[in-house]
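In this note's numbering, the protein residues as written are 1448 to 1524.
Worksheet: one structure, shown below.
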Amino acid sequence: MDLSKLYRPSALNSFQFIALTGLLMSAGAHLILHFFVDRMPAGFNWLYVCWTVFYLIGTLINLFGKPDEPHDHHHHH
């Protein structure tokens, strides 16, 4: 099992990449809201739960899914 698929940017799949981007954007928004608006929307922290679940789904697909063969690659015997 290649655990670098959990953290190496080039090994992440779309789900993981979107989840990490969402997590960073949510954290940035959290800081802006905390320091400049001084108010948090109700349920804002659920975003972190959603991004984490999205990342975990992507990780399961990445670790246990069948790697896709390139589209133009065919085995002829």
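Backbone N, C-alpha and C fix where the C-beta goes; we use that ideal spot for every residue, glycine too.
Backbone secondary structure at residue i - three-state DSSP
i            : result
residue 1489 : coil
residue 1587 : The requested residue 1587 is not part of the displayed model; the chain covers only 1448 to 1524.
residue 1481 : helix
residue 1454 : coil
residue 1512 : coil
residue 1494 : helix
Buried versus exposed call for residue i [16 or more other C-beta atoms within 10 Å across all chains shown]
i            : result
residue 1459 : buried
residue 1466 : buried
residue 1502 : buried
residue 1498 : buried
CB-CB length for residue i against residue j, believed under 8 angstroms
i            : j            : result
residue 1490 : residue 1462 : Wrong, their Cβ atoms sit about 22 angstroms apart, outside the cutoff.
residue 1471 : residue 1495 : No, residue 1471 and residue 1495 are not in contact; Cβ-Cβ is about 11 angstroms, not under 8 angstroms.
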